[in-house]
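Number of protein chains: 2
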Amino acid sequence: MQATTPASDRTRIRRIAERGQYDREMLDTILDATHLCHLSFADERGAHCIPMACWRTGDYLYVHGSNGSRLLKVASAGAQVCIGVTHLDGLVLARSAFNHSMNYRSAVIYGEFERVPEHEKASALDAFMESIAPGRSAEVRGGNEKELAATTVLRIALDEFACKVRTGGPEDDPKDLDRPVWAGVLPLAMTPQAPEPDGETANAPAYVRNWCCGDA
Amino acid sequence: MQATTPASDRTRIRRIAERGQYDREMLDTILDATHLCHLSFADERGAHCIPMACWRTGDYLYVHGSNGSRLLKVASAGAQVCIGVTHLDGLVLARSAFNHSMNYRSAVIYGEFERVPEHEKASALDAFMESIAPGRSAEVRGGNEKELAATTVLRIALDEFACKVRTGGPEDDPKDLDRPVWAGVLPLAMTPQAPEPDGETANAPAYVRNWCCGDA
Chain A
1 MQATTPASDR TRIRRIAERG QYDREMLDTI LDATHLCHLS FADERGAHCI PMACWRTGDY
61 LYVHGSNGSR LLKVASAGAQ VCIGVTHLDG LVLARSAFNH SMNYRSAVIY GEFERVPEHE
121 KASALDAFME SIAPGRSAEV RGGNEKELAA TTVLRIALDE FACKVRTGGP EDDPKDLDRP
181 VWAGVLPLAM TPQAPEPDGE TANAPAYVRN WCCGDA
Chain B
1001 MQATTPASDR TRIRRIAERG QYDREMLDTI LDATHLCHLS FADERGAHCI PMACWRTGDY
1061 LYVHGSNGSR LLKVASAGAQ VCIGVTHLDG LVLARSAFNH SMNYRSAVIY GEFERVPEHE
1121 KASALDAFME SIAPGRSAEV RGGNEKELAA TTVLRIALDE FACKVRTGGP EDDPKDLDRP
1181 VWAGVLPLAM TPQAPEPDGE TANAPAYVRN WCCGDA
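Sequence order for the protein chains is A and B. The first sequence finishes on residue 216 if you use our numbering, and the numbering steps up by one all the way, no holes. The second sequence finishes on residue 1216 if you use our numbering, and the numbering steps up by one all the way, no holes.
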């Protein structure tokens, strides 16, 4: 793993270039805070942008789905794909309309997926579950042969990517600073809400009790 | 505006088709709950997936940016684009690994952008600000001629789209229901956090006081 990847022609950020970051630490932080990516690819009908569950293990981002998925068929056939992950952190209210902005952390990854071999699929999927609910992969009924056979797992190397990040308050023009209007940030965050048990169910394990709002 | 749009070859949902929805009411609900989309297009370097601020007014979704943006140049030159907006609402923990899922509301829009004419740009941008902060467009310094001239505003008709929604608890196989493992939903929600004023600033207006956490 390289700490910093040189920007490629596809990943070099030109627009407000100082917000661009190319280090794996930032990429990993952004990816590990999400369960969702948008996966883009193009075919004869144009570009597509499809939401997918995802998870990172080491130097790869993983997605999975049914063998029957057209998306996964295209993605596993060597198509060039682009994956976007964005966290919106706040609305930035400046004293002039033009200087309004948003705080965000975004990552864009380019490349090709590769198919995770049959004998590695179960452990790849376990890693996904463990990333959400430590210990759970030993508690649930594991995938049987038929279920695993029906599932495609793909991964993409984290080789060609760019992150773009904005933090902090508004950047007003000096001439606007005295304007009598509130300025600042209206923050947003993805936050866990109270767990919803499915009817009669077993006692809540730690990853449920600690999900939100103190002991459930 | 049609209440329901027939699925096109690009938008027809085949995978778990019963989660597909093609009505404008659902689309509008999903779009009006976001400030962010992922915009995909393809060029000679492959597919791209770029996060963009967005807002809906009537039968169009709008984006804006600097005239210098390569993305906006491509998007305004008639490229076929695809826009994804997804809200992740929760992780669905089933009694078997295979039946784990996520709750979400997603929309995918296909088509071509059109350029908002010069004389309509200011009001289009005001609508964006008003959707976030009612009344604010009259409080801030409005865009001057130079700022507006430097800004491209694009819109795409909401004609070709599909929504996909999952709600509710896990759907376990009957044979798994007695398994002694917690099952249910771990909900997630994008929630406003306490406003962060930018140093010495004017009194907070209603859209700031009501943003979060009672009176700020």
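Built from N, CA and C at the ideal position, the CB exists for glycine as well. Since the structure is predicted, the reported quantities are computational estimates derived from the model, not experimental observations.
Whether residue i touches residue j by CB criterion (7 Å)
i	j	result
residue 95 of chain A	residue 179 of chain A	yes
residue 1049 of chain B	residue 76 of chain A	no
residue 1107 of chain B	residue 1020 of chain B	no
residue 1061 of chain B	residue 1132 of chain B	no
residue 1023 of chain B	residue 1011 of chain B	no
residue 1078 of chain B	residue 1112 of chain B	yes
residue 190 of chain A	residue 1027 of chain B	no
residue 151 of chain A	residue 35 of chain A	no
residue 972 of chain B	residue 97 of chain A	Limits of chain B in this structure are 1001 at one end and 1216 at the other, which puts residue 972 of chain B out of reach.
residue 174 of chain A	residue 1198 of chain B	no
residue 985 of chain B	residue 1085 of chain B	With chain B covering only 1001 through 1216, there is no way to say anything about residue 985 of chain B.
residue 116 of chain A	residue 74 of chain A	no
Three-state secondary structure assigned by DSSP to residue i
i	result
residue 51 of chain A	strand
residue 1099 of chain B	helix
residue 1016 of chain B	coil
residue 202 of chain A	coil
residue 1140 of chain B	coil
residue 1188 of chain B	strand
residue 1197 of chain B	strand
residue 1071 of chain B	helix
residue 1035 of chain B	coil
residue 27 of chain A	helix
residue 1066 of chain B	strand
residue 1209 of chain B	helix
residue 1008 of chain B	coil
residue 123 of chain A	helix
residue 177 of chain A	coil
residue 1107 of chain B	strand
residue 113 of chain A	coil
residue 118 of chain A	helix
CB contact check: residue i to chain A, cutoff 7 Å
i	result
residue 1188 of chain B	yes
residue 1041 of chain B	yes
residue 1216 of chain B	Reliability fails at residue 1216 of chain B, whose pLDDT of 40 lies under 50, so the model's placement of it is uncertain and no value is given.
residue 1063 of chain B	no
residue 1176 of chain B	yes
residue 1069 of chain B	yes
residue 1115 of chain B	no
residue 1179 of chain B	yes
residue 1056 of chain B	no
residue 1015 of chain B	yes
Interface partners of residue i on chain A, CB under 8 Å
i	result
residue 1086 of chain B	36, 38 and 51
residue 1211 of chain B	186
residue 1009 of chain B	45
Any chain B beta carbon closer than 7 Å to residue i
i	result
residue 82 of chain A	yes
residue 102 of chain A	yes
residue 91 of chain A	yes
residue 30 of chain A	no
residue 45 of chain A	yes
residue 139 of chain A	yes
residue 156 of chain A	no
residue 105 of chain A	no
residue 166 of chain A	no
Chain B contact residues for residue i, given Cβ-Cβ distances below 8 Å
i	result
residue 185 of chain A	1195, 1196 and 1198
residue 203 of chain A	1182
residue 192 of chain A	1186, 1187 and 1188
residue 26 of chain A	Here the premise fails: no neighbours, minimum Cβ distance about 15 Å.
residue 12 of chain A	Near residue 12 of chain A there are no residues of chain B at all, since even the closest Cβ is about 11 Å away, more than 8 Å.
residue 125 of chain A	1097
residue 76 of chain A	Within chain B, no residue comes near residue 76 of chain A; the closest Cβ sits about 15 Å away, beyond 8 Å.
Under 9 Å from the C-beta of residue i: neighbouring residues of chain E
i	result
residue 170 of chain A	Absent from the structure: chain E. Protein chains present are A and B.
Chain-ordered chain B contacts of residue i [CB-CB under 7 Å]
i	result
residue 98 of chain A	1143 and 1147
residue 133 of chain A	1093
Cβ-heavy atom distance, residue i to the ligand NAP, below 6 Å
i	result
residue 1007 of chain B	The ligand NAP is absent from the structure shown, which contains no ligands of any kind.
Listed by chain order, chain A residues near residue i by CB distance under 7 Å
i	result
residue 1048 of chain B	40 and 82
Chain A residues whose Cβ lies nearer than 9 Å to that of residue i
i	result
residue 1208 of chain B	93, 182, 184 and 186
residue 1108 of chain B	48, 49, 50 and 51
Within the chosen definition, does the segment 166 to 176 of chain A reach the segment 80 to 98 of chain A through at least 3 CB pairs nearer than 8 Å?
-> yes
Cβ contact check for the segment 199 to 209 of chain A and the segment 1180 to 1187 of chain B: 3 or more pairs under 8 Å = yes
So does the segment 1142 to 1151 of chain B actually touch the segment 1121 to 1129 of chain B, counting three or more Cβ pairs closer than 8 Å?
-> yes
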